[in-house]
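**Student:**
Numbering (full-length UniProt numbering), first residue to last: 1 to 332.
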């Protein structure tokens, strides 16, 4: 491999420009080399708009391209597992959008294939690669807050376009699969252990599809957790926050998801009150750095397939506790 990673994008998705195309323009270690879509015209228009040199009229053709080292997979949730497995079979590294797969069982199959391949497979929890996320965990683990009692993570934003694929059960849609994958991940980051779900309540858009979800958690060491996610709820139209409460104080974080736009980490512990702020460099730029470092130099990274299996297991448990079906891979 050369001194940079040549990335092919599966699908002309709306997230790809922000997540990989723009960061790659300022990266010396990555280039977006190709794109494929189900429609050749759509792929060509996308490539022309974003300056991508190679266009394929199908996903299989992109995977067979020897000028592609790695694949970015931002397809609908229910197709993540299928095309990540296909990419691995073709010898490509994978940066897969969250959620990793439709459910934990499928995630375990992908994780097993990733381990056998020796290739890099990273779940695209971009927030986790920003210095703010590392600092959140550091504050909790430092003991400054005392013994941990409770953590919270709330990722709620309005998506009133109900034709959006994120509301489609056939594509493994739902608020917990989308916004909730972040709130689950943040709760696990702060809680430091894998929790059990004590209860969950959903607001529905249609049969089996949650537009909002709230769940109560308990961690093995005894501390509790609350996670919420919403794509459409008048009670939580916009809420991007995290909190950790200990016996000696608490930490509150505004916008752990996209701190490049705005953020605030505040700590109140005994006689110490302070606010910390961090770089406004994009979370996606940090994530691309981590991905290329893993591919080119074998550097470790946190959002591994094993981590993805644990996160999907929590999401599955929330759905079961809410009386809703666990999502299934798409058959299309």
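For each residue, glycine too, the CB sits at the ideal point set by N, CA and C.
Does residue 28 pass the burial test, meaning 16 or more other C-beta atoms within 10 Å, or should it be called exposed?
**Tutor:** Counted from its first residue, the chain shown places residue 28 at position 28. Exposed.
**Student:** Give the single residue among 163, 261, 176, 6 whose Cα lies nearest to the Cα of residue 155.
**Tutor:** As a working mapping, residue 155 is identified with position 155 in the chain shown. Answer by Cα proximity: 176.
**Student:** Could you tell me the alpha carbon to alpha carbon distance between residue 251 and residue 128, rounded to whole angstroms?
**Tutor:** The residue labelled residue 251 in the question sits at position 251 within the chain shown. The residue labelled residue 128 in the question sits at position 128 within the chain shown. Taking the straight line from one Cα to the other gives about 17 Å.
**Student:** Give the range of the beta strand (DSSP E) segment to which residue 185 is assigned.
**Tutor:** Translated into the one-based positions of the chain shown, residue 185 becomes position 185. Residue 185 -> not in any beta strand (DSSP E); alpha helix (DSSP H) instead, spanning 179 to 191.
**Student:** Would you kindly work out how many angstroms separate the C-alpha atoms of residue 281 and residue 198, rounded to a whole number?
**Tutor:** Indexing the chain shown from 1 puts residue 281 at position 281. Indexing the chain shown from 1 puts residue 198 at position 198. If I take the Cα positions, the gap works out to 37 Å.
**Student:** Count the other CB atoms, across all protein chains shown, that sit within 10 Å of the CB of residue 331; report buried if there are 16 or more and exposed otherwise.
**Tutor:** Taking the first residue of the chain shown as 1, we reach residue 331 at position 331. Label assigned to residue 331: exposed.
**Student:** Hey, could you find the ends of the alpha helix (DSSP H) residue 317 is sitting in?
**Tutor:** Within the chain shown, numbered from 1, the residue matching residue 317 stands at position 317. Note, residue 317: alpha helix (DSSP H), 305 to 321.
**Student:** Residue 130 lies in the beta strand (DSSP E); which residues open and close that run?
**Tutor:** Taking the first residue of the chain shown as 1, we reach residue 130 at position 130. Residue 130 -> no beta strand (DSSP E), and no H or E assigned at all.
**Student:** Closest by CA to residue 256, which one among 32, 249, 276?
**Tutor:** Along the chain shown, one-based indexing puts residue 256 at 256. Minimum Cα distance to residue 256 is reached at 276.
**Student:** List the DSSP bridge partners of residue 8.
**Tutor:** The residue labelled residue 8 in the question sits at position 8 within the chain shown. Per DSSP, 34, 71.
**Student:** Grab the span of the alpha helix (DSSP H) containing residue 25 for me, first residue to last.
**Tutor:** The count along the chain shown starts at 1 and reaches residue 25 at position 25. It spans 22 to 25 - the alpha helix (DSSP H) in which residue 25 sits, taken as one unbroken run.
**Student:** When the Cα of residue 306 is compared with those of 72, 55, 120, 60, which residue comes out closest?
**Tutor:** Looking up residue 306 in the chain shown gives position 306. The candidate whose alpha carbon is nearest that of residue 306 is 120.
**Student:** Starting from the N-terminal side, write out each stretch of the alpha helix (DSSP H) that is 4 residues or longer and does not extend beyond the UniProt domain "GFO/IDH/MocA-like oxidoreductase" (135 to 251).
**Tutor:** DSSP runs (the alpha helix (DSSP H)) wholly in the UniProt domain "GFO/IDH/MocA-like oxidoreductase" (135 to 251): 179 to 191.
**Student:** In chain order, what residues of the same chain have a beta carbon less than 6 Å from the beta carbon of residue 302, not counting five sequence neighbours either side?
**Tutor:** In the chain shown, the residue the question calls residue 302 occupies position 302. 128, listed in sequence order.
**Student:** According to the neighbour-count rule (16 or more other Cβ atoms, all chains shown, within 10 Å of its Cβ), is residue 222 buried or exposed?
**Tutor:** Residue 222 sits at position 222 when you count from the first residue of the chain shown. Residue 222 is exposed by the Cβ-count criterion.
**Student:** How long is the line joining the alpha carbons of residue 167 and residue 38, rounded to whole angstroms?
**Tutor:** Walking along the chain shown from the start, residue 167 turns up at place 167. Walking along the chain shown from the start, residue 38 turns up at place 38. Using only the alpha carbons, I get a separation of about 21 Å.
**Student:** Within the chosen definition, does the region 109 to 124 reach the region 281 to 300 through at least 3 CB pairs nearer than 8 Å?
**Tutor:** Judged by Cβ distances under 8 Å, the region 109 to 124 makes contact with the region 281 to 300, as three or more pairs qualify.
**Student:** If I follow the unbroken alpha helix (DSSP H) through residue 105, where does it start and stop?
**Tutor:** Here residue 105 is taken as the residue at index 105 of the chain shown, counted from 1. Its alpha helix (DSSP H) spans residues 104 to 117.
**Student:** Can you tell me the Cα-Cα spacing of residue 335 and residue 143, whole angstroms?
**Tutor:** As shown, the chain starts at 1 and ends at 332. That puts residue 335 outside it, with no answer to give.
**Student:** If residue 20 and residue 59 are in contact, beta carbons under 8 Å, what's the gap, nearest whole angstrom?
**Tutor:** What you label residue 20 is simply residue 20 of the chain shown in a count that begins at 1. What you label residue 59 is simply residue 59 of the chain shown in a count that begins at 1. Going by Cβ atoms, the distance from residue 20 to residue 59 rounds to 16 Å, so no, they are not a contact pair.
**Student:** In terms of residue numbering, what span does the beta strand (DSSP E) encompassing residue 64 cover?
**Tutor:** Sequence index remark: in the chain shown, residue 64 carries index 64 (1-based). Taken as a continuous stretch (DSSP letters only), residue 64 belongs to no beta strand (DSSP E), as it is neither H nor E.
**Student:** Just the C-alpha distance for residue 139 and residue 246, rounded to the nearest angstrom, thanks.
**Tutor:** Reading the chain shown from its first residue, position 139 is the one you call residue 139. Reading the chain shown from its first residue, position 246 is the one you call residue 246. The alpha-carbon atoms of residue 139 and residue 246 are separated by roughly 11 Å.
**Student:** Taking Cβ positions, are residue 230 and residue 212 nearer each other than 8 Å?
**Tutor:** Counted from its first residue, the chain shown places residue 230 at position 230. Counted from its first residue, the chain shown places residue 212 at position 212. Yes. Within cutoff.
**Student:** Within a Cβ cutoff of 6 Å, which residues of the same chain sit near residue 329, ignoring the five residues on either side of it in sequence?
**Tutor:** If you number the chain shown from 1, residue 329 lands on position 329. The answer, listed in chain order, is 78, 81, 102, 106.
**Student:** With a threshold of 8 Å, are at least 3 pairs of Cβ atoms found where one atom belongs to the region 157 to 173 and the other to the region 189 to 197?
**Tutor:** They do not touch, by the three-pair rule.
**Student:** Could you give the distance in angstroms between the alpha-carbon of residue 189 and the alpha-carbon of residue 180?
**Tutor:** Counting from one through the chain shown, the residue named residue 189 turns up at place 189. Counting from one through the chain shown, the residue named residue 180 turns up at place 180. If I take the Cα positions, the gap works out to 14 Å.
**Student:** Kindly indicate which residue of 265, 164, 253 has the alpha-carbon position closest to the one of residue 209.
**Tutor:** Counting from one through the chain shown, the residue named residue 209 turns up at place 209. Per the Cα distances, 164.
**Student:** Distance, Cα to Cα, residue 266 vs residue 111?
**Tutor:** One-based indexing of the chain shown puts residue 266 at position 266. One-based indexing of the chain shown puts residue 111 at position 111. Straight-line Cα distance between these residues: approximately 36 Å.
**Student:** Would you mind giving the Cβ-Cβ distance between residue 32 and residue 46, rounded to the nearest angstrom? I have them listed as a contact below 8 Å.
**Tutor:** Within the chain shown, residue 32 is the residue found at index 32, counting from 1. Within the chain shown, residue 46 is the residue found at index 46, counting from 1. That belief does not hold up - the Cβ atoms of residue 32 and residue 46 are roughly 11 Å apart, past 8 Å.
**Student:** In terms of residues, what are the limits of the alpha helix (DSSP H) holding residue 44?
**Tutor:** On the chain shown, residue 44 is found 44 positions in, with the first residue counted as 1. Residues 40 to 50.
**Student:** How close, in whole Å, do the beta carbons of residue 283 and residue 249 come, if the pair is a contact with beta carbons under 8 Å?
**Tutor:** Here residue 283 refers to the residue found at position 283 of the chain shown. Here residue 249 refers to the residue found at position 249 of the chain shown. So it is not a contact: roughly 27 Å between Cβ atoms.
**Student:** With distances taken from CA atoms, which of 173, 204, 237 is nearest residue 322?
**Tutor:** The residue labelled residue 322 in the question sits at position 322 within the chain shown. Ranking 173, 204, 237 by Cα distance to residue 322 puts 204 first.
**Student:** So, are the CB atoms of residue 311 and residue 184 less than 8 Å apart?
**Tutor:** What you label residue 311 is simply residue 311 of the chain shown in a count that begins at 1. What you label residue 184 is simply residue 184 of the chain shown in a count that begins at 1. Yes; because the gap between Cβ atoms is below 8 Å, this pair is in contact.
**Student:** Quick check on this structure: which residue in 227, 9, 238 has the alpha carbon closest to the alpha carbon of residue 94?
**Tutor:** Along the chain shown, read from residue 1 onward, the residue named residue 94 stands at position 94. Nearest of 227, 9, 238 to residue 94, Cα basis: 9.
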